[in-house]
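Chemist:
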Amino acid sequence: MIAIMKRELSAYFRSPVGYVFIAVTFLCSGFFFWLFTLSVGGTDISSVFLGMFFAYMIFVPVLTMRLLADENKQKTDQLLLTSPISLIGLVAGKFLSAYIVFILGDIVMLSYGVVLSFFVTVNWALILGNFVALALIGAVFVSAGMFVSSLTESQMVAAIGSIAINVALFLMNVIASVIPVTFISDIIRSISIYDSYSEFTTGIFSLTGVVFFLSIAAVFLFFTVRVLERRRWA
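Per our numbering, numbering through the sequence shown is continuous, rising by one, with the last residue being 306.
#1: When the Cα of ILE276 is compared with those of ILE130, LEU159, PHE203, which residue comes out closest?
#2: Quick one: any contact between the stretch 258-271 and the stretch 167-183, if contact means 3 or more CB pairs under 8 Å?
#3: Check whether the stretch 220-235 and the stretch 122-141 touch, using three or more Cβ-Cβ pairs below 8 Å as the test.
#4: If contacts are defined as beta-carbon pairs under 8 Å, then ILE260 and VAL212 qualify, I think. What distance do you get, rounded to the angstrom?
#5: Would you call LEU163 buried or exposed, if buried means 16 or more other Cβ atoms sit within 10 Å of its Cβ?
#6: Comparing the C-beta of GLY123 with each C-beta of chain D, is any distance below 8 Å?
#7: Assess, as a yes-or-no matter, whether the stretch 89-104 is touched by the stretch 195-209 under the definition of 3 or more beta carbon pairs within less than 8 Å.
#8: Short check: CB of ILE235 to CB of ILE94, under 8 Å?
#9: CA-CA distance, GLY217 and LEU223?
#10: For ASN195, report the span of its alpha helix (DSSP H) as first-last.
#11: Where does the unbroken alpha helix (DSSP H) through ILE253 begin, and where does it stop?
#12: Just confirm the distance between the C-beta atoms of PHE294 and SER268, as a whole number of angstroms; I'd bet it's less than 8 Å.
#13: Can you tell me whether THR224 is helix, strand or coil according to DSSP?
#14: Where does the unbroken alpha helix (DSSP H) through THR296 begin, and where does it stop?
#15: To the nearest angstrom, how far is the alpha carbon of VAL120 from that of ILE179?
#16: Let me know the secondary structure DSSP gives THR115 once reduced to three states.
#17: Alpha carbon to alpha carbon, how far is THR274 from GLY281? Give it in angstroms, no decimals.
#18: Please report the straight-line C-alpha distance between PHE125 and ARG304, rounded to a whole angstrom.
#19: Given a threshold of 16 other Cβ atoms within 10 Å of its Cβ, counted over all protein chains shown, does THR97 qualify as buried or as exposed?
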């Protein structure tokens, strides 16, 4: 797993992908910080985090689209599938490499709290709650993107499919509201990522919320393992 993670992490920074993702994340979050906080003389940066929540729906699929789709296209997936490494280790290594790049881009958000702390009293519980929420959302988006990437040889299809899943997860409340059957509606509403995200943005660290996000990420990683397992024996 560690070897796979190092290889994939190195690949991100041997190509422009890793640098571009981090640079775009910095620029986008910086723009939101100026727009929602500095330009209005505010002290609350929750809107900055919320803006990045929506931005990551698009940015993260670009980060994950090549993880397995490129292997499928180049036919190097057969080398990986026949190598002496478990599929769980393979999937975990690739997931961690993308997630590390995501965190490197996301961690700049904490610096905005430091900047504000020089001028006003900062509610660090609120800032850390928002940061943890985005970190957990990132785990979900990365795992979902990796799953879609395992299904196709096209990086473009993988990116578009991942964006579609991210948007669907966000819109679960809307989808649930149009379902006439109550128990089905309740089940769909229970997997709304935005409701759990909102708890953290108020500074409330919910163990239930952490388990919820990690469980969704684990489900997507499990699906990815199953796809690779089927391909190994095909």
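Yeah, the Cβ is synthetic: ideal placement off N, Cα and C, and Gly gets one too.
Modeler: This is what the structure gives:
#1: Of the listed residues, the one whose Cα sits closest to ILE276 is PHE203.
#2: No, because fewer than three Cβ pairs between the stretch 258-271 and the stretch 167-183 fall closer than 8 Å, the two stretches do not touch.
#3: Look at the beta carbons and you see the stretch 220-235 touching the stretch 122-141: at least three pairs across the two are nearer than 8 Å.
#4: Taking a contact as a CB-CB distance under 8 Å, the pair ILE260 and VAL212 does not count as one, their CB atoms being some 16 Å apart.
#5: The question names Leu, but residue 163 is Val in the sequence shown. Answer is buried; the Cβ neighbour count reaches 16.
#6: Among the chains of the structure shown, chain D does not appear; only one protein chain is present.
#7: These segments do not touch.
#8: For ILE235 and ILE94, no; Cβs fall outside 8 Å.
#9: One C-alpha to the other measures close to 10 Å.
#10: Neither: ASN195 is in no alpha helix (DSSP H) and is coded neither H nor E.
#11: With the sequence shown as reference, residue 253 is identified as Val, and Ile is not the correct amino acid for it. It is not in any alpha helix (DSSP H) - VAL253 carries neither H nor E in the DSSP assignment.
#12: The distance from the Cβ of PHE294 to that of SER268 is about 20 Å, inconsistent with a contact at the 8 Å cut-off.
#13: Secondary structure at THR224: coil, using DSSP grouped into helix, strand and coil.
#14: From DSSP, the alpha helix (DSSP H) with THR296 extends over 279-305.
#15: Roughly 13 Å separates the two Cα atoms.
#16: Residue state, collapsed to three classes: coil.
#17: So the two alpha carbons sit approximately 13 Å from each other.
#18: One C-alpha to the other measures close to 35 Å.
#19: Counting Cβ neighbours within 10 Å, THR97 comes out buried, since at least 16 surround it.
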